[in-house]
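Using this note's numbering, you'd call the opening residue of the sequence shown number 4 and step up by one each time. All C-beta atoms in this analysis are idealised placements derived from N, C-alpha and C, irrespective of residue type, glycine included. Structure first, then comments.
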Amino acid sequence: MKYEIIEHTADVGVKAYGDSIEECFENVAKAMFDIIVDDGVVDCVVEKDVVIEGHDYEDLLFSWLSELVYIHHAELMLFTRFDVKIEENNEIKLRAKICGEKIDFKKHKIGLDIKAVTYHMLEVNAEEGYVQVIFDI
Numbered sequence: 004m005k006y007e008i009i010e011h012t013a014d015v016g017v018k019a020y021g022d023s024i025e026e027c028f029e030n031v032a033k034a035m036f037d038i039i040v041d042d043g044v045v046d047c048v049v050e051k052d053v054v055i056e057g058h059d060y061e062d063l064l065f066s067w068l069s070e071l072v073y074i075h076h077a078e079l080m081l082f083t084r085f086d087v088k089i090e091e092n093n094e095i096k097l098r099a100k101i102c103g104e105k106i107d108f109k110k111h112k113i114g115l116d117i118k119a120v121t122y123h124m125l126e127v128n129a130e131e132g133y134v135q136v137i138f139d140i
């Protein structure tokens, strides 16, 4: 199982797993869009590049998911594929190729509207191979 949903009062959370931090970041993004789209039928039509920097992994995770929420709302996009690479220098930098398509209300059954990412219970555990986040819905 790549992720599990965390029950939380009036919000929804995800704990995503992976063999690497990159895989955890990919799986938490996939989980977020699985929450947004009930039927999960999103085709890879439009590819975008995303570059995010952070002071630590928690900051990077928050910024990564916040950017995806922003693109989703601003451009009415849904995403299904995430290819994440993380580099560590003075800052931690995430480079990702994401792929998806514009929302088509005839095709996509929209589930929960994720308004924002929160810092509440946000966790990155590289040793145990998981990340955790709560979304404001």
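With DSSP run on the structure shown, which of helix, strand or coil describes residue i?
i: residue 111; result: coil
i: residue 70; result: helix
i: residue 119; result: strand
i: residue 10; result: strand
i: residue 5; result: coil
i: residue 24; result: helix
In terms of residues, what are the limits of the alpha helix (DSSP H) holding residue i?
i: residue 130; result: Looking at the DSSP string, residue 130 is not in any alpha helix (DSSP H), and its letter there is neither H nor E.
For residue i, count neighbouring C-beta atoms within 10 Å of its own C-beta (all shown protein chains included) and say buried if the count is 16 or more, exposed if not.
i: residue 12; result: exposed
i: residue 19; result: buried
i: residue 30; result: buried
i: residue 108; result: exposed
i: residue 112; result: exposed
i: residue 6; result: buried
Rounded to whole angstroms, what is the Cα-Cα separation between residue i and residue j?
i: residue 117; j: residue 24; result: 23 Å
i: residue 47; j: residue 40; result: 14 Å
i: residue 45; j: residue 103; result: 6 Å
i: residue 77; j: residue 70; result: 10 Å
Ends of the beta strand (DSSP E) at residue i?
i: residue 87; result: 80–91
i: residue 56; result: 49–57
i: residue 104; result: 95–105
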